[in-house]
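Below is one structure, written out as C-alpha cells, with a few remarks after it.
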Amino acid sequence: LRHVTGTEREEAFERLLTFTDLKRFTDRFAGKLSGGMKQKLGLACALLGKPKLLLLDEPGVGVDPISRRELWGMVEDLVNQGIAVVWSTAYLDEAELCGTTIVLNEGKLLFAGTPAEISAPLEGRCFQLREPGARKRQLLTRALSRPEVNDGTIQGHSLRLTLKKDAKPFDPSEIGADAGAEWIPITPRFEDAFIDMLGGGPPGESVLAKATKEIPHDDETVIEADHLTKQFGDFKATDDVTFAVKRGEIYGLLGPNGAGKSTTFKMMCGLLTPTAGTATVVGLDLRHSASEARQRLGYMAQKFSLYGHLTVRQNLAFFAGIYGVSGKRQRTRIDEMAEIFHLGPFLNSKTDSLSLGYKQRLALACSVMHEPDILFLDEPTSGVDPVTRREFWTHINGLVERGVTVMVTTHFM
C-alpha cells in the first residue's frame, strides 16, 4: 500500500519493530496481540510511509496505563523528529499533555488553546477533602447534593471536589465527615475544566439504584475463586488465582492488557470452564450449576454482547427475556432503562448506529434488566468521556449501597 519495497522495506521493518518493541512478537498473529501491542502495531503501520502528518484516532482506548504511557513516549519522539501529530481522545489526562487542544462536544467547539489556558479559570475552586471517613460513597453522594459543589469523585482516601464559581468550602461535618476531615486546595486538571464547561458533573443520586430492589447486607461470601487456572494449549491465561468477594462490595480486578482479567471474568460467569480450580457464585459451583448461577448475575462484556442489527428496544427485550423478565414487568423495565440511561430517543434505532457512549449505556442497561444480585463489569467505562464515566460510577456506587455486589475490571486507577 505504501510502495515500500526491497531494502527500504527491510530497513523500515527493522526501524519500526525496534521503535515499537515488537520484535519479539513478529511470528504472532495480530489478532492474538494485547490491546497495547495492537495499538503499537497500528502506529508502526501508519509510519511506514514516513508521513509528515500523523492522525491518531483515540489510540489509548482500552489500553492499560503503562502501554498508554509508552505510546505517548513514542509519539513525543515523532514530534521531536518534526512530524505533526493530531491525537483525538476522550481521556483528558492525554489531552493535558498536548501543546494545543480543541475541545468539542456534540459537534460544537467549546474551546481552543493550551491546556493551561483551559484550566486557569478553575484556580481556587478545586479541593481534596482528606480523611473524610470510611463511607466515602455516601459522603460523595451527600457532597454532590450540596449547592456549592460542581463536580466530585472519590480519590483514594479522599474526595476530590470542584466548587462552583465564588462558592466557599463548607463544614465537612455537614455531610457527615469525620472530625479530622480537612479541605486542601489542589491544582485544577483539564478534566475539571471540561466538566465545568458542560455545567458540572452528574448528581450523586442514582436513579438506577432507586429502581433496584434492596438486598440485605451481610458478611456472606458471594463470589469465590479457588486456585483458578485456564490454559489454552501451552498458554496459561489465568494461573492459580484465588480471591473472595463479600456481599455489597466493589471488587476491582486490575492488570495490564493480556493479564487474564477477561478470562477470569468469563470463568466467574460460567462462560468458560476452568482448566483447574473452582469458581463459585452465591454458593453455586459454576462447573455444575452455571445456568442457575447466571440467573443471579449480570455481565457487561468488554467487547459488547449487543446485537447491532437489532434496535435498542429489541436488545433490551432480548436480554430481559433471557433472564425470564417478560410481559408487563419487561415493558416497565424497558421504560425505566430508557429513562435512566437517556435511551428514549434511540429506542427504535439500530444499535450499530449508536455512539460508543450510548452503546456503553445500553450494555449496562441490558446487564441489569433482571435486577441481579451480582454484577460483573468488564472495562465498563473504556473510551467514554468523563461525564459518562461519572454517571456509570454513580450508578455502580448506588447499586452497591442497595446490596448489589460488583466486580469490575478497569484501566482507570
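In our numbering, each residue's number is its place in the sequence shown (first place is 1) plus 1. Backbone N, C-alpha and C fix where the C-beta goes; we use that ideal spot for every residue, glycine too.
> Leaving out the 5 sequence neighbours to the left and right, which residues in its chain are closer than 6 Å to Val64 when beta-carbon positions are compared?
Replying inline: For Val64, where only same-chain residues beyond five positions count, the Cβ hits under 6 Å are Gly36, Gly37 and Gln40.
> Run through DSSP, which three-state label would Asn349 get?
Replying inline: Of the three classes helix, strand and coil, the one that applies to Asn349 here is coil, per DSSP.
>> For chain D, check one thing: does any of its Cβ atoms lie closer than 8 Å to the Cβ of Lys214?
In response: Among the chains in the structure shown there is no chain D, since it carries only a single protein chain.
>> Please state the DSSP three-state secondary structure of Tyr359.
In response: Helix.
> When DSSP builds the beta bridges, which residues end up paired with Asp58?
Replying inline: As computed with DSSP, Asp58 is found in a beta bridge with Ser89.
>> Taking 8 Å as the cut-off, does the region 389–397 touch the region 310–322 (at least 3 CB pairs, one atom from each stretch)?
In response: Counting Cβ pairs under 8 Å, fewer than three are found: no touch.
>> As an exercise, report each continuous beta strand (DSSP E) stretch of at least 3 residues that is fully enclosed by the region 256–341, in chain order.
In response: Listed in chain order, the beta strand (DSSP E) runs fully inside the region 256–341 are 277–282 and 298–301, counting runs of at least 3 residues.
> Below 8 Å, can you find three or more Cβ-Cβ pairs linking the region 286–299 to the region 372–392?
Replying inline: Pairwise C-beta distances place the region 286–299 in contact with the region 372–392, as three or more of them are shorter than 8 Å.
>> Using only CA atoms, which one of Arg16, His412 and Leu400 lies nearest to Lys211?
In response: Cα-wise, what sits closest to Lys211 is Leu400.
> When DSSP builds the beta bridges, which residues end up paired with Asn398?
Replying inline: Paired residue(s): none; Asn398 is not in a bridge.
> Pro60: buried (16+ other C-beta within 10 angstroms of its C-beta) or exposed?
Replying inline: By the neighbour-count definition (other C-beta atoms within 10 Å, threshold 16), Pro60 is a buried residue.
> Exposed or buried, Val87, counting other C-beta atoms within 10 Å across all chains shown (16 or more means buried)?
Replying inline: Exposed, because fewer than 16 other Cβ atoms sit within 10 Å of the Cβ of Val87.
> From what residue to what residue does the beta strand (DSSP E) around Ser68 run?
Replying inline: Looking at the DSSP string, Ser68 is not in any beta strand (DSSP E); the run it does join, the alpha helix (DSSP H), is Pro66 to Asn81.
> Closest to Cys270 by CA distance: which of Arg288, Leu98 and Ala277 is it?
Replying inline: Looking from the CA of Cys270, the closest CA among Arg288, Leu98 and Ala277 belongs to Arg288.
> In terms of residue numbering, what span does the beta strand (DSSP E) encompassing Asp241 cover?
Replying inline: Looking at the DSSP string, the run of the beta strand (DSSP E) that includes Asp241 is Phe236 to Lys247.
> Leu111 and Ser89 look like a contact to me (Cβ under 8 Å); what is the Cβ gap, rounded to whole Å?
Replying inline: About 15 Å separates the CB atoms of Leu111 and Ser89; that is not less than 8 Å, and the two are not in contact.
> Among Gly284, Asp241, Leu105 and Met268, which has the Cα closest to the Cα of Arg248?
Replying inline: With respect to the C-alpha of Arg248, the residue from Gly284, Asp241, Leu105 and Met268 having the closest C-alpha is Gly284.
> Secondary structure at Lys53, three-state DSSP: helix, strand or coil?
Replying inline: Of the three classes helix, strand and coil, the one that applies to Lys53 here is coil, per DSSP.
>> According to DSSP, is Lys39 part of a helix, a strand, or is it coil?
In response: If DSSP states are grouped into helix, strand and coil, Lys39 belongs with the helices.
> Distance, Cα to Cα, Ser327 vs Leu272?
Replying inline: Cα-Cα distance, rounded: 24 Å.
>> Rounding to the nearest angstrom, what Cα-Cα distance links Asp227 and Phe128 in this structure?
In response: Looking at the two C-alpha atoms, the distance is approximately 42 Å.
> Which of helix, strand or coil does DSSP assign to Pro186?
Replying inline: Pro186: strand per DSSP, three-state reduction.
> If you follow the beta strand (DSSP E) that Ala31 is part of, which residue opens it and which one closes it?
Replying inline: Unbroken run through Ala31: none, as it is neither H nor E.
> What are the start and end residues of each continuous beta strand (DSSP E) run of 3 or more residues lying completely inside the region 103–180, in chain order?
Replying inline: The region 103–180 contains, as complete beta strand (DSSP E) runs of 3+ residues, the segments 109–114, 127–131, 150–156 and 159–164 (chain order).
> When DSSP labels each residue in this structure, what does Val405 get in the three-state scheme?
Replying inline: In the structure shown, the three-state DSSP call for Val405 is coil.
> With 16 as the cutoff for other CB atoms within 10 Å, does Lys137 come out buried or exposed?
Replying inline: For Lys137, the number of other beta carbons within 10 angstroms of its own is at least 16, and it is reported as buried.
>> For Leu54, tell me which candidate among Gln82, Ala294, Gly205 and Pro257 has the shortest Cα-Cα distance.
In response: Residue Gln82 is the option with its Cα nearest to Leu54.
> Would Thr19 be called buried (16 or more neighbouring beta carbons within 10 Å of its own) or exposed?
Replying inline: Burial call: exposed.
> Quick one: what does DSSP say Gly253 is sitting in, helix, strand or coil?
Replying inline: Correct three-state label for Gly253: strand.
> Which class does Thr410 belong to by DSSP, given the choice of helix, strand or coil?
Replying inline: DSSP places Thr410 in strand when its eight states are reduced to three.
> For Glu192, which of Thr230, Gly202, Lys24 and Ile185 has the nearest alpha-carbon?
Replying inline: Between Glu192 and the set Thr230, Gly202, Lys24 and Ile185, the nearest pair of CA atoms involves Gly202.
> To the nearest whole angstrom, what separates the beta carbons of Asp172 and Gly134, a pair I think is in contact under 8 Å?
Replying inline: The Cβ separation is near 14 Å, so there is no contact.
>> Could you pull the DSSP bridge partners for Asp379 from this structure?
In response: DSSP lists Thr410 as the bridge partner or partners of Asp379.
> By DSSP, does Thr230 sit in helix, in strand, or in coil?
Replying inline: DSSP places Thr230 in strand when its eight states are reduced to three.
> In or out: Asp386 buried (at least 16 other Cβ within 10 Å) or exposed?
Replying inline: Flag for Asp386 reads buried.
> What are the partner residues of Ile224, as DSSP defines its beta bridges?
Replying inline: Per DSSP, the beta bridge partners of Ile224 are Val246 and Val282.
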